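To start, the structure itself, in structure tokens.
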Amino acid sequence: MPSYDAQRAEFEGTHSQVLAISCDPIFSKQAWGKALGGISYPLVADFWPHGAVAQQYGVFNEKLGRPDRAIFVVDKQGIIRWVKVYEGGVMPDNGELLAELRKL
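Counting from 4, one number per residue, gives the positions in the sequence shown under this note's numbering.
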């Protein structure tokens with residue numbers, strides 16, 4: 004997630020909004036952001052009902068009780084234009100994401 008801040012200017016150049024969503028409670032998210040030295044994008048807690056947003060997007064892993072790591076590109080009309088789900092421990096490629104954002 005710090006890589007988004009590192010490439011903040013590039014993301015801003017695509018007129019996009021980075022938004023992080025996880026099932027962690029808001030206090031955990033705030034502590035995590037602080038531990039990173041602060042972050043420039045919103046952190047959203049999908050805590051209760053547990054994983055409801057992740058379930059709606061089809062990325063909640065019932066077996067593990069948490070969402071899979073995924074990136075969604077949603078256009079201004081709310082239409083999902085691109086989705087990529089990542090294996091645990093795999094960091095998303097910002098270059099690939101930026102290329103998809105530039106297509107909008």
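Think of the CB as a built atom: it goes at the ideal place given N, C-alpha and C, for glycine as much as any other residue.
The model shown is predicted, which means the values in this text are computed figures rather than measured ones.
| Query | Result |
| --- | --- |
| Contiguous alpha helix (DSSP H) assignments of at least 4 residues, all confined to the region 35-68 | 55-59 |
| Residue from Q80, K87 and L46 whose Cα sits closest to the Cα of Y60 | K87 |
| Residues bridged to K87 [DSSP beta-bridge criterion] | I74 |
| The alpha helix (DSSP H) enclosing S6, as first and last residue numbers | P5 to A9 |
| Bridge-paired residues (DSSP) for G24 | The sequence given here has Ile at residue 24, not Gly. Paired residues: V47. |
| Burial state of G54 (16 or more Cβ within 10 Å) | buried |
| Outcome for D49 when other beta-carbon atoms lying within 10 angstroms are tallied against a minimum of 16 | buried |
| For K32, three-class secondary structure by DSSP | helix |
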